[in-house]
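K.L.:
In the order they appear, the protein sequences are chains U and X. Sequential numbering of the first sequence, starting at 24, is according to my numbering. Sequential numbering of the second sequence, starting at -19, is according to my numbering.
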Amino acid sequence: MGGWAIAVHGGAGVDPNLPPQRQQQAKELLTRVLNLGISSLRSNASAIDVVELVVRELETDPLFNSGRGSALTEKGTVEMEASIMDGTKRRCGAVSGLTTVKNPISLARLVMDKSPHSYLAFSGAEDFARQQGVELVENEYFITPENVGMLKLAKEANTILFDYRIPTYDTCSAAIESPLVMNGLPINVYAPE
Amino acid sequence: TVGCVVVDREGRCAAATSTGGLMNKMTGRIGDSPMIGAGTYACEVCGVSCTGEGEAIIRGTLAREVAAVMEYKGLGLQDAVDFVIKNRLDEGFAGLIAVSNTGEVAYGFNCNGMFRGCACEDGFMEVGIWE
Chain U
24 MGGWAIAVHG GAGVDPNLPP QRQQQAKELL TRVLNLGISS LRSNASAIDV
74 VELVVRELET DPLFNSGRGS ALTEKGTVEM EASIMDGTKR RCGAVSGLTT
124 VKNPISLARL VMDKSPHSYL AFSGAEDFAR QQGVELVENE YFITPENVGM
174 LKLAKEANTI LFDYRIPTYD TCSAAIESPL VMNGLPINVY APE
Chain X
-19 TVGCVVVDRE GRCAAATSTG GLMNKMTGRI GDSPMIGAGT YACEVCGVSC
31 TGEGEAIIRG TLAREVAAVM EYKGLGLQDA VDFVIKNRLD EGFAGLIAVS
81 NTGEVAYGFN CNGMFRGCAC EDGFMEVGIW E
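1. Using a beta-carbon distance below 8 Å, is I10(X) in contact with chain U?
2. Which same chain residues, not among the five before or five after E51(U), have their C-beta less than 7 Å away from its C-beta?
3. With a cut-off of 8 Å, does the C-beta of G93(X) fall near any C-beta of chain U?
4. Any beta carbon from chain U within less than 8 Å of A60(X)'s own beta carbon?
5. How would you write the range of the alpha helix (DSSP H) that V173(U) sits in, first residue to last?
6. Put E143(U) into one of helix, strand or coil per three-state DSSP.
7. Pull up the distance between the alpha-carbon of F87(U) and that of G33(U), whole angstroms please.
8. Give me the chain X residues within the contact set of P109(U), using Cβ-Cβ distance strictly less than 7 Å, ordered along the chain.
9. Using 8 Å as the cut-off, can you tell me whether the stretch -7 to 6 of chain X makes contact with the stretch 88 to 95 of chain U, which would need three or more C-beta pairs spanning the two stretches below that distance?
10. Just to make sure I have the definition right: I need the residues of chain X whose C-beta is within less than 9 Å of the C-beta of L130(U). Which are they?
11. Counting beta carbon pairs with one atom in the stretch 90 to 103 of chain U and one in the stretch 53 to 63 of chain U, are three or more of them shorter than 8 Å?
12. Would you mind telling me which residues of chain X sit closer than 9 Å to S138(U), beta carbon to beta carbon, in chain order?
13. Quick check on R96(X) - is its C-beta less than 8 Å from some C-beta in chain U?
14. Establish whether the CB of Y192(U) and some CB of chain X are separated by less than 8 Å.
15. On the three-state DSSP scale, how would you describe T123(U)?
16. Check each candidate in R(-8)(X), G27(X), G32(X), S80(X) and name the one with the smallest Cα separation from I65(X).
17. Can you give the Cα-Cα distance for L133(U) and A47(X), rounded to whole angstroms?
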């Protein structure tokens, strides 16, 4: 039996013109949440508790696309989704279409632990959240000025836009000329999650 | 999209993924992150969390695929990650992180960079963005 191990991610497909200070910010956040997980593991926390703890922290920080700082829908609102799975007995929980739940991953955990189902979505998931007493906030809490700007760019480009919320207009339009293509679209005018 | 995978001292694996989805997406659109077996999977053997082009990840059932090639092809964790990224995405672009029940950690991606960090009990720790 080996020891503990942990990995975190903040999304794949990164703007080649990512400004250095934003790269540094991302690395600092990744290091912070990694250390949070490591200290829990050193205290013998279980794997399922540590993954929930770490993802909650990532949802609360606006840097990456989840929780606060989530990408915006065509209507300028936030709809979030999450899932969690415990390898022991392969128990799992998932939620979609959340608009007021502050930490979607914790609701997914409650679906796994406290409901007879493995996936709840939209109004059913929001009803379950109220029943379970999880923290609810206005949808505006999740919307950041940067993402409002990114949505504007996406609409002007009439497409779904990369969600790394880094480029200002010039770096984004500059990046649009970048040779990198993803599914037929310039990498920075495409929107993997 | 954000994710975390962990194996604890008892060799138990777990995975979690959370996202706001795509900028300018249609309301009601569901991606890979909440789909068990696509964006998130954990079993006795490993834990996996994916990110990238949701539709490609769903079609490739990417997270479950890592566990499947470990179970049925006998690949080690990093070989399984590399195999899945190389052979299961068609023209899609994605990245994933994974741990195994023997305390290994691995990641792979075929797009331009991935925000990731990983650490093991033996002291290894890495945070990166690019290749």
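By construction, the Cβ of each residue, glycine as well, lies at the ideal position given by its N, Cα and C atoms.
P.N.:
Put simply:
1. yes
2. For E51(U), where only same-chain residues beyond five positions count, there are no Cβ hits under 7 Å.
3. yes
4. No, because no Cβ of chain U sits closer than 8 Å to the Cβ of A60(X).
5. Val is not the amino acid found at residue 173(U); the sequence shown has Met there. Judged by DSSP secondary structure, M173(U) falls within the alpha helix (DSSP H) whose first and last residues are 168 to 179.
6. With the sequence shown as reference, residue 143(U) is identified as Leu, and Glu is not the correct amino acid for it. Residue state, collapsed to three classes: strand.
7. 6 Å
8. Note on residue identity: the sequence assigns Asp, not Pro, to residue 109(U). Identification of chain X residues near D109(U) by a Cβ-Cβ cut-off of 7 Å yields A(-6), A22, ordered along the chain.
9. yes
10. The premise fails here: L130(U) is roughly 10 Å from chain X at the closest Cβ pair, so nothing lies under 9 Å.
11. no
12. Chain X residues near S138(U): none, gap ~14 Å exceeds 9 Å.
13. Taking Cβ atoms only, chain U reaches closer than 8 Å to R96(X), which makes this a yes.
14. Residue placement at Y192(U) is flagged as unreliable, the pLDDT there being 41, under the threshold of 50; a coordinate-derived value is accordingly withheld.
15. coil
16. G32(X)
17. 25 Å
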